[in-house]
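Residue numbers (the working numbering): 38 to 139. Everything on this sheet refers to the single structure shown next.
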């Protein structure tokens, strides 16, 4: 019989925000995962751009200090894409390392 052994992730993703504050970001929710999947399927450039910024904003606002960032459009598109990619790579790696089948 196989068992799924789940352990809680102990390390949170950290990012130094533009004001110098280090934010600890919680793991992504299903809503954020779905937003990423939808972003990949968009063909309209304007919708894609808006989706990248909204996804970045949602990721940043999912922090442990409950800081709310309203204006994310001051960041470049490249910066937003880098944040989204690195954030998901971080949690995907943690998830892959913590899930053990016995």
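Beta carbons: idealized from backbone N, C-alpha and C, even for Gly.
| request: Would you kindly work out how many angstroms separate the C-alpha atoms of residue 64 and residue 124, rounded to a whole number? | output: Taking the first residue of the chain shown as 1, we reach residue 64 at position 27. Taking the first residue of the chain shown as 1, we reach residue 124 at position 87. Residue 64 and residue 124: Cα-Cα distance of roughly 9 Å.
| message | Is it buried or exposed, residue 69, if we count other Cβ atoms within 10 angstroms and call 16 or more buried? | response | By one-based count along the chain shown, residue 69 stands at place 32. When all chains shown are included, residue 69 counts as buried.
| query | Relative to the C-alpha of residue 60, which residue among 92, 104, 86 is closest? | reply | Looking up residue 60 in the chain shown gives position 23. Per the Cα distances, 104.
| Nonlocal neighbours in the same chain, by C-beta distance under 8 Å from residue 66, ignoring five residues either side | On the chain shown, position 29 is the one that residue 66 refers to. Counting only Cβ-Cβ distances below 8 Å, and skipping sequence neighbours, we find 99.
| task | May I ask which residues mark the beginning and end of the alpha helix (DSSP H) holding residue 96? | result | On the chain shown, residue 96 is found 59 positions in, with the first residue counted as 1. First-last of the alpha helix (DSSP H) with residue 96: 82-98.
| task | Take the Cβ of residue 93 as the centre, count every other Cβ of all protein chains shown within 10 Å, and call the residue buried at 16 or more, exposed below. | result | In the chain shown, counting from the first residue as 1, residue 93 sits at position 56. Residue 93 is buried by the Cβ-count criterion.
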